[in-house]
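Engineer:
There are 2 protein chains.
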Amino acid sequence: MYLCAVKNADTRERILHRMYGDIHKNGFQGLRADKVVADMDITKGALYHYFPSKQSIGIAVVDEIIKPNYLAFYRALNQSIGHPIDQIKAHIVELSRIMDDENIALGCPLNNLIQEMSPIDEVFRLQLKSVIDGMYRSVADALRRGQAAGLVKENIDPDAVANFYLSSLEGSFGIAKVQKSVPMFRSSMDMLCQFMESLRK
Amino acid sequence: MYLCAVKNADTRERILHRMYGDIHKNGFQGLRADKVVADMDITKGALYHYFPSKQSIGIAVVDEIIKPNYLAFYRALNQSIGHPIDQIKAHIVELSRIMDDENIALGCPLNNLIQEMSPIDEVFRLQLKSVIDGMYRSVADALRRGQAAGLVKENIDPDAVANFYLSSLEGSFGIAKVQKSVPMFRSSMDMLCQFMESLRK
DNA sequence: AAAGGTACATACTAGTTGGTATGCACGCAA
DNA sequence: TTGCGTGCATACCAACTAGTATGTACCTTT
Numbered sequence: 099m100y101l102c103a104v105k106n107a108d109t110r111e112r113i114l115h116r117m118y119g120d121i122h123k124n125g126f127q128g129l130r131a132d133k134v135v136a137d138m139d140i141t142k143g144a145l146y147h148y149f150p151s152k153q154s155i156g157i158a159v160v161d162e163i164i165k166p167n168y169l170a171f172y173r174a175l176n177q178s179i180g181h182p183i184d185q186i187k188a189h190i191v192e193l194s195r196i197m198d199d200e201n202i203a204l205g206c207p208l209n210n211l212i213q214e215m216s217p218i219d220e221v222f223r224l225q226l227k228s229v230i231d232g233m234y235r236s237v238a239d240a241l242r243r244g245q246a247a248g249l250v251k252e253n254i255d256p257d258a259v260a261n262f263y264l265s266s267l268e269g270s271f272g273i274a275k276v277q278k279s280v281p282m283f284r285s286s287m288d289m290l291c292q293f294m295e296s297l298r299k
Numbered sequence: 099m100y101l102c103a104v105k106n107a108d109t110r111e112r113i114l115h116r117m118y119g120d121i122h123k124n125g126f127q128g129l130r131a132d133k134v135v136a137d138m139d140i141t142k143g144a145l146y147h148y149f150p151s152k153q154s155i156g157i158a159v160v161d162e163i164i165k166p167n168y169l170a171f172y173r174a175l176n177q178s179i180g181h182p183i184d185q186i187k188a189h190i191v192e193l194s195r196i197m198d199d200e201n202i203a204l205g206c207p208l209n210n211l212i213q214e215m216s217p218i219d220e221v222f223r224l225q226l227k228s229v230i231d232g233m234y235r236s237v238a239d240a241l242r243r244g245q246a247a248g249l250v251k252e253n254i255d256p257d258a259v260a261n262f263y264l265s266s267l268e269g270s271f272g273i274a275k276v277q278k279s280v281p282m283f284r285s286s287m288d289m290l291c292q293f294m295e296s297l298r299k
């Protein structure tokens, strides 16, 4: 029955997306993988057919969901020929716009996993670092191109700025999360926009 | 035997400090309270004599260790009559100075707990929020006093700046943690200093 | 010195967690 | 049509986790 074939074909991805949601809510250590699949009317048999261990679920979530999702924007930053500061500011404004109460209360999935897993699981840490590194390089390169094109102040260090930008961005998610406050998050994003604007030549 | 009496007098605090250390390493969900006390040659009897539940251990750690520790500096900020921007910068420089590889790898204890516990435990979240609120108000008030004294630009919003400052600070811990890089943390602290300097009148 | 509270130690336990072992239905290639 | 791989379902399990129940030595109060 081809309906079944279609269903089977994406069982793994359906599981993965639910795991992503549960990790977002409860953290990786709080993830109860068997309960998540039970909630989908799937048994542990299916789960352990696709994933050899709990850790592999977390790694797959980072690798197949979080990483492509986060790097999509930053890759666009590298290919475009617009003003890098405008592009980065547009991204900040977009984030401000789409974040609602629930997303703020749950926090940034990437930041959550970094804080929880980096110190206790080196495999996790390296996967998460590769995502951050990708974002970091895209921003730094965009600023460098901006400098070369005379659009960005020459006396700033693109690497330092990129690092500070990511820190402020993720930190804003973190502080807004404990406050459960979308306005606080937007206020932080406004300040970050002002900071980026100050780099314009 | 008074030796025993002295030992007994601070058993609770000794347990609490070890719990703080283990939570710093493994997170609250990763805390194995019985193993921590066993490591101190103390049994579960003593542990549950002082703490009714695992949650109460975490709350006590926030309330009795993290909160006083973090608010110490910020209270000083409120009582002093120096230049608020110099004081805040001095704090940033001090943080830069004392953070070593291990501390960076483990991250900021306050930030760690915020990211892990805020979404899943409201009691925790409110305790953690009270710490952040305390820091936030001290910084905002210091900036307001600076404005009144003509030391800080009038066109900045002290609340927005205080919020952004805390976000950047905690975010810098988070990003440095996944990078396991003290230089990255120091670079972020330098940028934060520059940002604070830009507020001087 | 009797009584009661404090400060633990020891032993036990229900429920959970992260799996494993096994079976079996189905599609497909030989 | 037979054998084999894929895609699950069911049942089982050892270790762990967060406690509880109970006992007891010591100290203090009366």
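Same order as they appear, the protein sequences are chains Y and X.
Per the working numbering, the first sequence starts with residue 99, numbered consecutively.
Per the working numbering, the second sequence starts with residue 99, numbered consecutively.
The beta-carbon is built from N, C-alpha and C at its ideal position, and this holds for glycine as well.
Using alpha carbons as the reference points, say which of Asp108(X), Ser286(X), Ile230(X), Glu111(X) lies closest to Ala260(X).
Structural biologist: Against the second sequence, residue 260(X) aligns to sequence position 162. Measuring from the Cα of Ala260(X), the nearest candidate turns out to be Ile230(X).
Engineer: Can you list, in chain order, the residues of the segment 104 to 125 of chain X whose Cβ is nearer than 8 Å to any Cβ on chain Y?
Structural biologist: Of all residues in the segment 104 to 125 of chain X, Lys123, Asn124, Gly125 have a Cβ within less than 8 Å of some Cβ in chain Y.
Engineer: Applying the criterion that 16 or more other CB atoms from any shown protein chain within 10 Å of the CB defines a buried residue, is Gln185(X) buried or exposed?
Structural biologist: As a working mapping, residue 185(X) is identified with position 87 in the second sequence. Burial call: buried.
Engineer: Shorter than 8 Å from the beta carbon of Leu226(Y) to some beta carbon of chain X?
Structural biologist: Reading the first sequence from its first residue, position 128 is the one you call residue 226(Y). It does: the Cβ of Leu226(Y) has a partner Cβ on chain X nearer than 8 Å.
Engineer: Does the distance from the C-beta atom of Gly232(Y) to that of Pro182(Y) stay below 8 Å?
Structural biologist: The residue you call residue 232(Y) lines up with position 134 of the first sequence. The residue you call residue 182(Y) lines up with position 84 of the first sequence. In this structure, Pro182(Y) does not lie closer than 8 Å to Gly232(Y) by Cβ.
Engineer: Please work out which residues of its chain come closer than 7 Å, Cβ to Cβ, to Val86(Y), disregarding the five sequence neighbours upstream and downstream, and give them in chain order.
Structural biologist: Here chain Y covers residues 99 to 299 and nothing more, so residue 86(Y) does not appear.
Engineer: Step through the CB atoms of chain Y and report whether any lies within less than 8 Å of the CB of Tyr100(X).
Structural biologist: As a first step, residue 100(X) is located in the second sequence; it is residue number 2 there, counting from the start. Here the model assigns Tyr100(X) a pLDDT of 27, short of 50, so the residue's position is not dependable, and the following value carries that caveat. No, Tyr100(X) lies away from the interface with chain Y (no Cβ there is under 8 Å from its Cβ).
Engineer: I need the straight-line Cα distance from Ala131(Y) to Lys152(Y), nearest angstrom please.
Structural biologist: If you number the first sequence from 1, residue 131(Y) lands on position 33. If you number the first sequence from 1, residue 152(Y) lands on position 54. Approximately 7 Å, taken between the alpha carbons.
Engineer: Mind checking the segment 207 to 227 of chain X against chain Y and listing, in chain order, the residues whose C-beta falls within less than 7 Å of any C-beta there?
Structural biologist: If the cut-off is 7 Å between Cβ atoms, the segment 207 to 227 of chain X has Asn209, Asn210, Ile212, Gln213, Glu214, Ser216, Pro217, Ile218, Arg223, Leu226, Lys227 near chain Y.
Engineer: Kindly identify the DSSP beta-bridge partner or partners of Arg298(Y).
Structural biologist: For the purposes of this step, residue 298(Y) is taken as residue 200 along the first sequence, with counting starting at 1. Partner(s): Val250(Y).
Engineer: Does the beta-carbon of Arg242(X), which I'm using as the reference point, lie nearer than 7 Å to any heavy atom of the ligand SAH?
Structural biologist: As far as ligands go, the structure on display features none, and thus does not contain the ligand SAH.
Engineer: Looking at chain X, which residues of the segment 173 to 199 of chain Y have a Cβ within less than 7 Å of any of its Cβ atoms?
Structural biologist: Flagged: no residues at all.
Engineer: Can you tell me the Cβ-Cβ gap for Phe157(Y) and Val221(Y), rounded? I've got them flagged as a contact below 8 Å.
Structural biologist: Position 59 of the first sequence, counted from the start, is the residue given in the question as residue 157(Y). Position 123 of the first sequence, counted from the start, is the residue given in the question as residue 221(Y). A quick correction: the sequence has Ile, not Phe, at residue 157(Y). Rounded, the Cβ-Cβ distance is 6 Å, consistent with contact.
Engineer: If you count every other CB in all the chains shown that lies within 10 Å of the CB of Cys102(Y), and 16 or more means buried, which is it?
Structural biologist: Your numbering for residue 102(Y) matches position 4 in the first sequence. Unreliable placement is indicated for Cys102(Y), whose pLDDT of 30 sits below 50; no coordinate value is reported for it.
Engineer: DSSP three-state call for Arg130(Y): helix, strand or coil?
Structural biologist: Residue 130(Y) sits at position 32 when you count from the first residue of the first sequence. It is coil, neither helix nor strand.
Engineer: The segment 124 to 151 of chain Y: which residues have C-beta closer than 8 Å to a C-beta of chain X, in chain order?
Structural biologist: Residues passing the 8 Å Cβ filter: Asn124, Gly125, Gln127, Gly128.
Engineer: Over what stretch of residues does the alpha helix (DSSP H) that includes Ser154(Y) continue unbroken?
Structural biologist: As a working mapping, residue 154(Y) is identified with position 56 in the first sequence. Taken as a continuous stretch (DSSP letters only), the alpha helix (DSSP H) holding Ser154(Y) covers 152 to 159.
Engineer: Is it right to say Ala274(Y) is buried, meaning 16 or more other beta carbons lie within 10 angstroms of its own, or is it exposed?
Structural biologist: Within the first sequence, the letter at position 176 stands for residue 274(Y). Buried: at least 16 other Cβ atoms inside 10 Å.
Engineer: Evaluate the contact criterion for the segment 107 to 122 of chain X versus the segment 276 to 293 of chain X: three or more CB pairs, one atom per stretch, below 8 Å.
Structural biologist: No: fewer than three Cβ pairs fall under 8 Å.
Engineer: In the segment 271 to 285 of chain X, which residues sit with their C-beta less than 7 Å from some C-beta in chain Y, listed in chain order?
Structural biologist: Answer set for the segment 271 to 285 of chain X: Gly272, Ile273, Lys275, Val276, Gln277, Met282, Ser285.
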